[in-house]
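Same order as they appear, the protein sequences are chains L and H.
Our numbering applies: residue 1193 is where the first sequence begins, and numbers increase by one.
Our numbering applies: residue 173 is where the second sequence begins, and numbers increase by one.
C-beta atoms are modelled at their ideal positions from N, C-alpha and C, and glycine is treated no differently.
Written out below as C-alpha cells is the structure these notes cover.
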Amino acid sequence: MNAAGEGRPGEEPLAVERAFREERAAVLATLIRHVGDFQLAEDAVQDAFAAAVATWPRDGVPSNPGAWITTAARRRAIDRLRRTRSLADRTDRLAELVRLDLQEHRSVTEDSLIADDRLRLIFTCCHPALAMPARVALTLRTLGGLTTAEVAHAFVVSEPTMGKRIVRAKRKIADAHIPYRVPSDDELPDRLGGVLRVVYLIFSEGYSASAGDRLVRGELCGEAIRLGRLLYRLMPDEAEVGGLLALVLLHDARRAARVDAEGGYVALDQQDRSRWDQGRIREGLQALDRTVRLRRPGQYQLQAAITALHIQASDANATDWARIAALYGALVKLSPSPVVELNRAAAVGFASGPDAGLELLEPLLGNAGLERYQPLHATHAELLRRAGDLAGARRAYERAIELSANAVERSELERRLHTLNPS
Amino acid sequence: MPKYMLLLYRDEPSPQEREERASELPLWVQFNESLRDAGLLISGDPLHPPDAATTVRVRSEETEILDGPFAVTKEYLVGYYLLECADLDEALKQAARVPLARYGSVEVRPVVDLGPPATAGEEAAAAP
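Below, the structure written as C-alpha cells:
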C-alpha cells in the first residue's frame, strides 16, 4: 500500500483514489488562486484526475502523486484558458501560469501562499452571501472528497437538485465576485463563526440518527473531523476552532456505541464504554486542553468540556454533574437557546436534586417551540418521578411516548412508565 | 473593478415617520460624501414613490401605457446607488452603511460585466 511504489498491478486505482482524497482540495485551492475562476479550476483538476486514471496504470504511480496532479491540473488550466475567450484578464493569468509551469522550485512567497489556499477556499465556500444549505454542499464538494451524488445522498435530496444547488453557488461566487481570501482581522470573528457553523452542521447531520444510510452518515462525520483538523492546523490560536475539533472528536468517539446490534439507539448512560474510540478521545481531550488554556471561552469549547466530563466519568453514576451544570450555566449565558436551558435543568436535577431541576424546567413548558419536543417531556417525567409526584410523572411520560418517533426510545419510555405502577 | 447596484426598498412611511426620516438628511449627505471620497460612487438617486410611476409595454407593435408601477408590492423601490467595488465584501459593507438599511432593505445586485468595449486589436478581430 505504498503510494510511491513502482506501480504493482492493481495498485493504481487505489493510488488515484488516495490522491483524490488527500490532494484534491489543496490542488484545487491553489489553482483557484492562480486562475481566479472556481469552475475553470475545478474542471482542470477533474481533467488531471481523469489523466491519472488513464496513465498511471500504464506508466506506474508517480513518486509524488500530489505534485503530478498539480502540474497536470495547471497544464489543463492553461489549455482551457487558451480556449476561453470570455475572460478579460486571461492574458495575465496565462502568463502567471506559464511562469509557474516553467519554474523548477517554488518561491518562498508561493509556499506561504499555498499554505493559506485551503483557508481561503473554506472562507469562500462558507461566505455569508450563500445560503446555509449551499455553503454546506459546496464545502463538502470542494474541500471534502465527496461526489455530488454522495452529498445528495447524505442530505436526502435528489442528485440533480444537489447538483443545481452547487452550480448555482459557484455561479454566484463568480458573478457577484465573492472574494477568495481570508477575512481581515476585524471581520474574522464573525466570519470564522460562520465557517465553524458549517463544519458543525456537517457533523450533526452525520451524527443524528434520524434518517438515511448509516455509511454515508459516518462519511459526513469523517469529513467534519477532517475539516476541523485542517482548520485547527491552519488557525491553532483561534480558541473556538480547537473547541469545535474537540467537540466533534469526543462525540464521534461514541458513535459506534450509540447503536446496538439491532440498529437501535443506545442512550449515553447505557452505552458500552469499551466500544468508545480511545484514539478520538485522546485527540479530542488534547485539543480541548490546549484550547482552554487560551482563556477565550466559547460555545463549542463549553459543549466539548461537557462532553469530556461525561466521557471521563468511570461509569454513568460517577458523572460530575455539578461541574456539568455549571458549564451549562455558562453556555446559557453565551448562546442561549431553549434546548440548552433544558439540558441545564436536567444537569441541575442530577447535581442539586429534582426540585432545583424542576424550577428551571417548568418555565420551558410554556415554550411553543419546545411543546412537541420529546426530550422536554421525558426529562420532566424523570424529575417529577424523582421528586415523588407519580401522577405528574405518568402524564409527562405519556406525552413523551406520544411524541416519540423512534421505537427503541418509545419502549424505553414505556418501561419507565411501568415502573411507576406500584406492583 | 466590478460594479454593484444597490436597490433600496422600504414600505410606505406613516406621516410621523416621514418627518423623522426628513431629519436624517445629514446622514445621507455624509454617506454620499464618504462614497465619493472613497471613489466608489458612480451614481445614486432617490426615486419618487410608485404613485408617480408609469409602465410601458409594446405588444404587437402597440404601445401600452399604464398608470402605476409594474408590480404593486408592500415594499417598493425608493432609490438606488451604482457603486464600483473591489468585491462583494466591499459592496455588502457599503450596503450596511446606507441609512435606510436600519428600517428598510438594501438588495445588492452585481452588474453584468460585458467586458471592455471591442475597439482595438484582438477583441475587435474576434468579433463576428
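Compute the distance between the beta-carbons of residue i and residue j, then report whether it is under 7 Å.
{"i": "T1420/L", "j": "L1437/L", "result": "Sequence inspection shows Gly at residue 1420/L; the Thr mentioned does not correspond to that position. Against a cut-off of 7 Å, the Cβ pair of L1437/L and G1420/L comes out as a contact."}
{"i": "A1236/L", "j": "R1272/L", "result": "yes"}
{"i": "A1321/L", "j": "I1370/L", "result": "yes"}
{"i": "T1511/L", "j": "A1505/L", "result": "yes"}
{"i": "R182/H", "j": "V250/H", "result": "yes"}
{"i": "I1314/L", "j": "R1333/L", "result": "no"}
{"i": "A1366/L", "j": "G1434/L", "result": "no"}
{"i": "L1575/L", "j": "L1609/L", "result": "no"}
{"i": "L1595/L", "j": "R1564/L", "result": "yes"}
{"i": "A1221/L", "j": "R1310/L", "result": "yes"}
{"i": "A1539/L", "j": "Y1520/L", "result": "yes"}
{"i": "W1248/L", "j": "E1214/L", "result": "no"}
{"i": "T1301/L", "j": "C1317/L", "result": "no"}
{"i": "A1265/L", "j": "V1219/L", "result": "yes"}
{"i": "W1513/L", "j": "A1543/L", "result": "yes"}
{"i": "E262/H", "j": "M173/H", "result": "no"}
{"i": "Q1491/L", "j": "S1527/L", "result": "yes"}
{"i": "R1425/L", "j": "A1445/L", "result": "no"}
{"i": "R1268/L", "j": "A1240/L", "result": "yes"}
{"i": "V230/H", "j": "I237/H", "result": "no"}
{"i": "V1531/L", "j": "V1524/L", "result": "no"}
Compare the C-beta of residue i with all C-beta atoms of chain L and state if any pair is closer than 7 Å.
{"i": "D259/H", "result": "yes"}
{"i": "P198/H", "result": "no"}
{"i": "A297/H", "result": "Residue placement at A297/H is flagged as unreliable, the pLDDT there being 47, under the threshold of 50; the coordinate-derived value follows with that caveat. By this cut-off, A297/H is not an interface position."}
{"i": "Q188/H", "result": "no"}
Along chain L, which residues have their Cβ under 9 Å away from the Cβ of residue i?
{"i": "L264/H", "result": "P1320 and A1321"}
On a Cα-Cα basis, can you pick out the residue from the options that is closest to residue i?
{"i": "T1571/L", "options": "P1546/L, A1560/L, A1448/L and R1213/L", "result": "P1546/L"}
{"i": "A1517/L", "options": "N1535/L, T1483/L and S1529/L", "result": "N1535/L"}
{"i": "W1468/L", "options": "E1454/L, Y1492/L and H1502/L", "result": "H1502/L"}
{"i": "N216/H", "options": "P222/H, E205/H and A225/H", "result": "Note that residue 216/H corresponds to Gly in the displayed sequence, not to Asn. For the residues P222/H, E205/H and A225/H, the minimum Cα distance to G216/H belongs to E205/H."}
{"i": "V1374/L", "options": "V1245/L, I1593/L, E1554/L and R1312/L", "result": "R1312/L"}
{"i": "M1324/L", "options": "A1344/L, R1210/L and R1389/L", "result": "R1389/L"}
{"i": "E1454/L", "options": "L1568/L, A1599/L, D1429/L and T1353/L", "result": "A1599/L"}
{"i": "C1413/L", "options": "G1386/L, R1425/L, A1448/L and G1385/L", "result": "A1448/L"}
{"i": "S277/H", "options": "L213/H, E236/H and E184/H", "result": "E184/H"}
{"i": "R1210/L", "options": "I1224/L, Q1231/L, G1228/L and G1258/L", "result": "G1258/L"}
{"i": "W200/H", "options": "R269/H, K175/H, D285/H and I237/H", "result": "R269/H"}
{"i": "L1294/L", "options": "D1507/L, I1270/L and I1306/L", "result": "I1270/L"}
{"i": "A1217/L", "options": "T1262/L, A1560/L, H1319/L and S1396/L", "result": "T1262/L"}
{"i": "Y252/H", "options": "E196/H, H220/H and E192/H", "result": "H220/H"}
{"i": "L197/H", "options": "L180/H, P271/H, Q188/H and A224/H", "result": "P271/H"}
{"i": "D1284/L", "options": "P1567/L, H1226/L, E1430/L and R1450/L", "result": "H1226/L"}
At least one CB of chain H closer than 7 Å to the CB of residue i: is that the case?
{"i": "P1371/L", "result": "yes"}
{"i": "D1367/L", "result": "yes"}
{"i": "H1610/L", "result": "no"}
According to DSSP, is residue i helix, strand or coil?
{"i": "D1378/L", "result": "coil"}
{"i": "R182/H", "result": "strand"}
{"i": "R1488/L", "result": "coil"}
{"i": "V1451/L", "result": "strand"}
{"i": "Y275/H", "result": "coil"}
{"i": "A298/H", "result": "Because the pLDDT of A298/H is 47, which lies under 50, any placement of that residue in the model is unreliable, and the question is left without a value."}
{"i": "Y1372/L", "result": "coil"}
{"i": "E191/H", "result": "helix"}
{"i": "P1528/L", "result": "coil"}
{"i": "Y1392/L", "result": "helix"}
{"i": "K175/H", "result": "strand"}
{"i": "S232/H", "result": "coil"}
{"i": "V1208/L", "result": "helix"}
{"i": "P1249/L", "result": "helix"}
{"i": "A225/H", "result": "coil"}
{"i": "G1414/L", "result": "helix"}
{"i": "E196/H", "result": "coil"}
Please list the partners that residue i has in chain L, where partner means a Cβ-to-Cβ separation under 7 Å.
{"i": "P174/H", "result": "H1369"}
{"i": "P282/H", "result": "D1367, A1368 and H1369"}
Report yes or no: is there a C-beta of chain B within less than 7 Å of the C-beta of residue i?
{"i": "G276/H", "result": "The structure shown contains no chain B; its protein chains are L and H."}
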